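See structure below.
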């Protein structure tokens, strides 16, 4: 093992696997934004979802002000769309590229979701928690969720050796600068009598 410096480049020294999502929020001028995030995850097993934000970024300010956000999990064929959502803002702080992305309106909160994303969440802001340097955890209660029929796991359904993942692959972000398409999986070897 090679010891590395505990500085701001710590997470750049090897690749780590993350979920890639687009967080949707409403701007102060009423326009909508989609911003890619990789530090995002379910918060426990209840219907809560969180992502890391900072007051320096408009997504954090938008969610804090408006009280809601959307989450879109892009499919592998939406990689370029997801990348475009990371485009720099114009001098007037607008992000016109967002208007070109295919979206669908949310149903329970004011917002938009990436059309065709395999998993979509609508969230109401529950809390902004913790201080991790300049970053904070933005947590929302999920008030609506949608999954593409090809990706839907039904209770008690046998995964047939991972065929569902093969038919409906997942997009992963390999921080800091790569991506992967997951289309092969294996059953996890849980110990006998394992319980969550």
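Residue numbers (my numbering): 222 to 417.
In this text, a Cβ means the ideal position worked out from N, Cα and C, and glycines have one as well.
Since the structure is predicted, the reported quantities are computational estimates derived from the model, not experimental observations.
>> Strictly under 8 Å for the Cβ-Cβ distance: is residue 270 near chain D by that measure?
In response: This model lacks chain D altogether, as it is built from one protein chain only.
> To the nearest angstrom, how far is it from the Cα of residue 406 to the Cα of residue 398?
Replying inline: Those two C-alpha atoms are separated by around 23 Å.
> Helix, strand or coil for residue 269 per DSSP?
Replying inline: In the three-state DSSP reduction, residue 269 falls in the strand class (E or B).
> Pick from 392, 230, 355: whose alpha carbon is nearest that of residue 239?
Replying inline: Ranked by how close their Cα comes to the Cα of residue 239, the residues 392, 230, 355 have 392 in first place.
> Roughly how many angstroms separate the alpha carbons of residue 283 and residue 401, rounded to a whole number?
Replying inline: Taking the straight line from one Cα to the other gives about 30 Å.
> Using the rule of at least 16 other Cβ atoms within 10 Å of the residue's Cβ for burial, across every protein chain shown, is residue 352 buried or exposed?
Replying inline: Here residue 352 is exposed: its Cβ has fewer than 16 other Cβ atoms, across all protein chains shown, within 10 Å.
> Does the distance from the CB of residue 394 to the CB of residue 333 come in under 8 Å?
Replying inline: Taking 8 Å as the cut-off, the beta carbon of residue 394 is found no closer than this to the beta carbon of residue 333.
> So what does residue 244 bridge to, in DSSP terms?
Replying inline: Paired residue(s): 256, 292.
>> If we require 4 or more residues per run, which alpha helix (DSSP H) segments fall completely within the region 306 to 349?
In response: Counting whole runs of 4 or more residues, the region 306 to 349 contains no alpha helix (DSSP H) stretch at all.
>> Mapping the DSSP letters down to three states, classify residue 351 as helix, strand or coil.
In response: Of the three classes helix, strand and coil, the one that applies to residue 351 here is strand, per DSSP.
> Within this structure, are the beta carbons of residue 294 and residue 266 separated by less than 8 Å?
Replying inline: No.
> Three-state secondary structure (DSSP) at residue 403?
Replying inline: The answer is strand: DSSP assigns residue 403 an E or B state.
>> Can you confirm whether the region 229 to 236 touches the region 298 to 314 when touching is taken to mean that 3 or more C-beta pairs between the two stretches lie within less than 8 Å?
In response: Contact fails: fewer than three Cβ-Cβ distances are below 8 Å.
> Are there 16 or more other CB atoms within 10 angstroms of the CB of residue 390, so buried, or fewer, so exposed?
Replying inline: So residue 390 ends up on the buried side.
> Taking contact to mean at least 3 C-beta pairs separated by less than 8 Å, is the region 360 to 371 in contact with the region 266 to 281?
Replying inline: The region 360 to 371 vs the region 266 to 281: in contact.
>> Once the 5 residues before and after residue 329 are set aside, which same chain residues still bring their CB inside 8 Å of it?
In response: Excluding residues within five positions, the ones whose Cβ falls inside 8 Å are 343, 364, 365.
> Which residues in the same chain have their Cβ closer than 8 Å to the Cβ of residue 300, if we skip the five residues on either side of it in sequence?
Replying inline: These residues qualify, in order along the chain: 392, 400.
>> Tell me the DSSP secondary structure of residue 287 in three-state form.
In response: Note: residue 287 maps to helix in three-state DSSP.
>> If contacts are defined as beta-carbon pairs under 8 Å, then residue 275 and residue 246 qualify, I think. What distance do you get, rounded to the angstrom?
In response: Going by Cβ atoms, the distance from residue 275 to residue 246 rounds to 14 Å, so no, they are not a contact pair.
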